[in-house]
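The letter at position 26 of the sequence shown is residue 26 when you use full-length UniProt numbering, and the numbering goes up by one with no holes. Think of the CB as a built atom: it goes at the ideal place given N, C-alpha and C, for glycine as much as any other residue.
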Amino acid sequence: MPPTSQPRARGLHIGTRLALGFGLLIAMMLVMVVVGVLRLTSVSAANSHIIEVDWVKAQAANTLSAIAQANTRRTIEIYLAPDEAQRAKMRAEIVAARTSFVQSFKTLTEMVQLPEARALLAEAEQARGRYVTSQARFNALVDAGNKEEAYAELTARTLPELAIVQQRVDQLSAMEQRLVVESGARASAQAQSARWMLLLLGLAGLVSGVALAYWITRSITGPLREAVQVAQAVAAGDLTSRVEVRSGDETGQLMQALKDMNQSLQEIVGRVRSGSDTIATATSQISAGNLDLSSRTEEQASALEQTAASMQELAGTVKQNFDSGKHANELAESASQVAIKGGSVVAQVVHTMEAINASSRKIADIIGVIDGIAFQTNILAL
Numbered sequence: 001m002p003p004t005s006q007p008r009a010r011g012l013h014i015g016t017r018l019a020l021g022f023g024l025l026i027a028m029m030l031v032m033v034v035v036g037v038l039r040l041t042s043v044s045a046a047n048s049h050i051i052e053v054d055w056v057k058a059q060a061a062n063t064l065s066a067i068a069q070a071n072t073r074r075t076i077e078i079y080l081a082p083d084e085a086q087r088a089k090m091r092a093e094i095v096a097a098r099t100s101f102v103q104s105f106k107t108l109t110e111m112v113q114l115p116e117a118r119a120l121l122a123e124a125e126q127a128r129g130r131y132v133t134s135q136a137r138f139n140a141l142v143d144a145g146n147k148e149e150a151y152a153e154l155t156a157r158t159l160p161e162l163a164i165v166q167q168r169v170d171q172l173s174a175m176e177q178r179l180v181v182e183s184g185a186r187a188s189a190q191a192q193s194a195r196w197m198l199l200l201l202g203l204a205g206l207v208s209g210v211a212l213a214y215w216i217t218r219s220i221t222g223p224l225r226e227a228v229q230v231a232q233a234v235a236a237g238d239l240t241s242r243v244e245v246r247s248g249d250e251t252g253q254l255m256q257a258l259k260d261m262n263q264s265l266q267e268i269v270g271r272v273r274s275g276s277d278t279i280a281t282a283t284s285q286i287s288a289g290n291l292d293l294s295s296r297t298e299e300q301a302s303a304l305e306q307t308a309a310s311m312q313e314l315a316g317t318v319k320q321n322f323d324s325g326k327h328a329n330e331l332a333e334s335a336s337q338v339a340i341k342g343g344s345v346v347a348q349v350v351h352t353m354e355a356i357n358a359s360s361r362k363i364a365d366i367i368g369v370i371d372g373i374a375f376q377t378n379i380l381a382l
């Protein structure tokens, strides 16, 4: 297809292209039908003219020629007949043939159009009139038994006039047969022309149909193939395909939609990629914070374990002091008894022991507090 028509064709919708293609094919089919009908009508008319006119005229001319030839024989037989019965028979046959002769002659007179043919008919009719007159004289001479005069009439006028009729009728028959042959040749030529015309139109329709089918198919399948390639590339994750919109028809609209989709997907993927980078950065920061927190937690756990161990040692020391205080209390009670017995020394000892006892209670309270702290420290360590 020429380059100038390709962009113009791509602007047509697919339905319009199909309508134009099928419309052109239908128009060519109509032309073929019309031409075929006209040609066949012409051939049929030519054949009808041959059968109904030319052939009828040729048959009529042949009939006249045959009757003239037969009458020549019969006229001679009348002269040569040995008796009256034989002559009567020949005369009856001549009279019977006269009706057919007149009818055929009338047919030719009505149907012959060529001037040459009409001139031959006129000459044949004039010669026939002279033949009829001469034959009447010939019959009268034969019936009178005048053989010599009958023979002279027969050879001088009857047979020569009948020969003129025969000659003109034969010329007319040859002319009509030639017309039949010419009409047949024309009909055959028309049939051949119609055949070639239909073949050429059919070939033109076939070539046009193939060209239109190729053009329409290519204008549809080409963009669809590109659309499939773009869709396959998108399905494979390749968004770098270049989508070109070359037409304004349905396939062009499809390519435009794919182009818009490809651009939208590129924008979405860009935004997703940017968000993923942000999330990755935040994740790295969170991971680093978790590592730092884990390190600090391990340090705190180690410190708490050391604190717990120290508190356990302190608790052991306090308990030991408590035991010592308790033993001292017992000693104090014993000393109190001794002091009671001992007077003022004992009173002073009692006072001292009460002070020691109060200190022991404070130590017991401190030990309880330390035990609570140690318990909570153990929980935190766990």
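Assign V243 to one of two classes, buried (16 or more other C-beta atoms within 10 Å of its C-beta) or exposed (fewer than that).
Result: buried.
Excluding the five sequence neighbours on either side, which residues of its own chain have a C-beta within less than 8 Å of the C-beta of H49, listed in chain order?
S183
According to DSSP, simplified to helix, strand and coil, what is R242?
Note: R242 maps to coil in three-state DSSP.
Does the region 216-232 come into contact with the region 183-197, if we say contact requires no fewer than three beta-carbon pairs (one atom in each stretch) closer than 8 Å?
no
Backbone secondary structure at A236 - three-state DSSP:
coil
Note down the Cα distance separating I26 from L18, rounded to an integer number of angstroms.
12 Å
Work out the CA separation of R98 and N146 for me, nearest whole Å.
26 Å
Given a cut-off of 7 Å, decide if V142 and A136 are closer than it, judged by their beta-carbon atoms.
Pairing A136 with V142 gives a Cβ-Cβ distance that is not under 7 Å.
Kindly indicate the opening and closing residues of the alpha helix (DSSP H) around T158.
Segment: none, T158 is in no alpha helix (DSSP H) and carries neither H nor E.
Neighbourhood of R128 by C-beta, 6 Å cutoff - its chain only, sequence neighbours within 5 removed:
V165
Quick one: measure Cβ to Cβ for Y79 and L172, integer angstroms, because I've assumed they're closer than 8 Å.
The pair is not a contact, with the Cβ atoms about 28 Å apart (cut-off 8 Å).
F138 classed as buried or exposed, judged by whether at least 16 other C-beta atoms fall within 10 angstroms
buried
Residues in its own chain within less than 6 Å of A39 by CB, not counting five upstream and five downstream?
In the sequence under discussion, the amino acid at residue 39 is Arg, which differs from the Ala named in the question. Answer for R39: A194, listed in chain order.
Taking DSSP as the reference, what is the three-state secondary structure of residue 438?
Nothing in the structure corresponds to residue 438, since the chain is present only between 1 and 382.
Check each candidate in S44, T107, M32, R118 and name the one with the smallest Cα separation from A60.
Nearest C-alpha to A60: T107.
Would you kindly work out how many angstroms separate the C-alpha atoms of M255 and S42, rounded to a whole number?
55 Å
I need the straight-line Cα distance from L114 to A185, nearest angstrom please.
19 Å
For Q376 and I363, the rounded distance between their alpha carbons
20 Å
Could you compute how far the alpha carbon of V56 sits from the alpha carbon of E148?
Cα to Cα, V56 sits roughly 42 Å from E148.
Between which two residues does the alpha helix (DSSP H) carrying G129 extend?
115-143
Put A81 into one of helix, strand or coil per three-state DSSP.
coil
Grouping DSSP H, G and I as helix and E and B as strand, with all else coil, what is V33?
helix
Can you tell me which of the three DSSP states H49 falls into?
helix
Using a Cβ-Cβ cut-off of 7 Å (strictly less than) and excluding sequence neighbours within five positions of P2, which residues of its own chain qualify?
Per-residue confidence for P2 stands at a pLDDT of 39, beneath the threshold of 50, marking its modelled position as unreliable; the derived number appears in the next sentence. Closer than 7 Å at the Cβ level, and outside the excluded window around P2, lies no residue.
Expressed to the nearest angstrom, what Euclidean distance is found between the alpha-carbon atoms of I379 and I373?
10 Å
Assign H351 to one of three DSSP states: helix, strand, or coil.
helix
How many Å lie between A355 and L291 at the Cα?
55 Å
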